[in-house]
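Before any comments, here is the structure.
Protein chains: 2
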Amino acid sequence: MQLRMTNQREMILRELRKSKQHLTADELYEKVKKIMPRISLATVYRNLEILSEAGIIGKLEVSGRQKRFDYEVEEHDHIYCVVCHRVDNLEIDRESIREVGWNSDKGYAVHGYRLEVAGICPECQRKRSKKEKKQ
Amino acid sequence: MQLRMTNQREMILRELRKSKQHLTADELYEKVKKIMPRISLATVYRNLEILSEAGIIGKLEVSGRQKRFDYEVEEHDHIYCVVCHRVDNLEIDRESIREVGWNSDKGYAVHGYRLEVAGICPECQRKRSKKEKKQ
DNA sequence: TTTACAAATGATAATCGTTATCACAAATGG
DNA sequence: CCATTTGTGATAACGATTATCATTTGTAAA
Ligand SMILES: [Mn+2]
Ligand SMILES: [Mn+2]
Ligand SMILES: [Zn+2]
Ligand SMILES: [Zn+2]
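These protein sequence lines map, in sequence, to chains F and Y.
Per the working numbering, the very first residue in the first sequence carries number 53; after that it's consecutive.
Per the working numbering, the very first residue in the second sequence carries number 53; after that it's consecutive.
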């Protein structure tokens with residue numbers, strides 16, 4: 053019932069935390085491979101699942117794309133770029149949003165919610181305006 | 053630039069509207085096949101994409117699962133069941149939630165947001181309590 | 001009303017992210 | 001030690017979606 057900190061596990065966790073980003077399994081695989089060249093992609097998937105199951109990391113399923121894993125585990129919301137799919141934390145006051153409430157929950161036993169804000173990240177904005185100038 | 057209302061297209065749209073549910077492509081495929089037995093699943097996917105692109109139906113990408121299509125196109129939020137993945141509309145006052153705002157958007161040009169509430173639907177609650185009694 | 005062209009369809013292959021399988025290699029705990 | 005988990009790497013399988021392509025259908029001009 054308690055999780056064993058294998059070398060692979062530790063390295064995956066370390067690289068995710070070091071990145072301070074919301075990485076996909078294969079982005080993390082590429083990073084870890086530089087240190088442990090023999091690691092398997094399956095091991096990365098497996099351990100990300102185990103680590104998030106154990107509440108050590110977070111798992112994000114943002115807008116129908118690849119899963120991303122979060123170095124931070126406290127409840128918080130995210131903003132993502134509709135162009136490059138980068139994900140950032142959204143510093144929003146969860147208390148005040150909770151006050152809003154919902155007036156019809158269709159009889160659901162509510163577990164929680166997820167606020168997903170979409171937009172274009174600064175970098176993609178720059179790239180876009182460059183392109184426009186060319187035309 | 054203008055979309056042709058083929059028989060297949062029309063039937064897909066009609067069945068989605070008739071259902072008043074948030075259906076997946078293959079759920080819709082099964083429904084339409086009863087009326088047009090020769091229709092291809094690819095045609096269903098293709099036309100759902102075209103119809104949502106044209107703003108005639110909505111496309112939902114809820115929590116990393118199959119896409120669902122929405123007979124209603126106006127902006128609204130959803131609640132889904134973590135057990136059976138059923139999706140329902142969530143009647144929440146979007147104006148008041150908008151007032152909350154976010155104090156750090158990391159320089160993003162915000163397009164919009166999506167509020168996804170998770171819980172267990174009435175039916176799954178019933179099934180669960182039945183199971184508990186058995187044990 | 002033929003003829004040309006564009007668009008849509010059905011069948012199926014290919015793709016992508018993820019999971020499952022399985023033989024082999026650690027680690028654990030008497 | 002030895003037996004028993006547990007984890008690993010390689011790879012196959014999977015499910016949802018998308019791409020391809022030969023054929024059919026619709027549109028519209030000649
Ligand atoms: Mn985060
Ligand atoms: Mn809806
Ligand atoms: Zn971006
Ligand atoms: Zn349910």
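Glycine included, each C-beta is placed from N, C-alpha and C at the ideal position.
Because the structure is a prediction, the values reported are computed rather than measured.
Chain F residues whose Cβ lies nearer than 7 Å to that of residue i
{"i": "Y/K158", "result": "I131, D140"}
{"i": "Y/A161", "result": "G171, I172, Q177"}
CB contact below 9 Å: residue i versus chain F
{"i": "Y/M53", "result": "With a pLDDT of 47 at Y/M53, under the threshold of 50, the predicted position of this residue should be treated as unreliable, and no value is reported."}
{"i": "Y/E124", "result": "no"}
{"i": "Y/H128", "result": "no"}
Short Cβ contact (9 Å threshold) for residue i with residue j
{"i": "Y/V139", "j": "Y/G171", "result": "no"}
{"i": "Y/E168", "j": "F/R166", "result": "yes"}
{"i": "F/L93", "j": "F/A77", "result": "yes"}
{"i": "F/E101", "j": "F/V84", "result": "no"}
Given residue i as reference, the closest of the options once Cα atoms are compared
{"i": "F/R90", "options": "F/I144, F/N141, F/V125, F/M63", "result": "F/M63"}
{"i": "F/A161", "options": "Y/L68, Y/I149, Y/P174", "result": "Y/P174"}
{"i": "Y/Y97", "options": "Y/L75, Y/E143, Y/E184", "result": "Y/L75"}
{"i": "Y/G107", "options": "Y/S148, Y/K158, Y/Y81, Y/L65", "result": "Y/L65"}
{"i": "Y/L142", "options": "Y/E124, Y/E82, Y/G164, Y/S92", "result": "Y/E124"}
{"i": "F/Y24", "options": "F/E126, F/V114, F/E67, F/E184", "result": "A question about residue 24 of chain F goes unanswered here, because the residues of chain F that appear run from 53 up to 187."}
{"i": "F/T95", "options": "F/T58, F/S181, F/H163, F/S148", "result": "F/T58"}
Contacts of residue i in chain Y (Cβ-Cβ under 8 Å)
{"i": "F/V134", "result": "H163"}
Minimum Cβ-Cβ distance from residue i to chain Y less than 9 Å
{"i": "F/L100", "result": "no"}
{"i": "F/I109", "result": "no"}
{"i": "F/E184", "result": "no"}
Nonlocal neighbours in the same chain, by C-beta distance under 8 Å from residue i, ignoring five residues either side
{"i": "Y/L112", "result": "H74, K119, R120, F121, D122, H130, V139"}
Chain Y residues whose Cβ lies nearer than 9 Å to that of residue i
{"i": "F/R166", "result": "S115, R166, L167, E168, V169, A170"}
Spatial neighbours of residue i in its chain, beta-carbon cut-off 6 Å, leaving aside the 5 residues before and after
{"i": "Y/C136", "result": "C176"}
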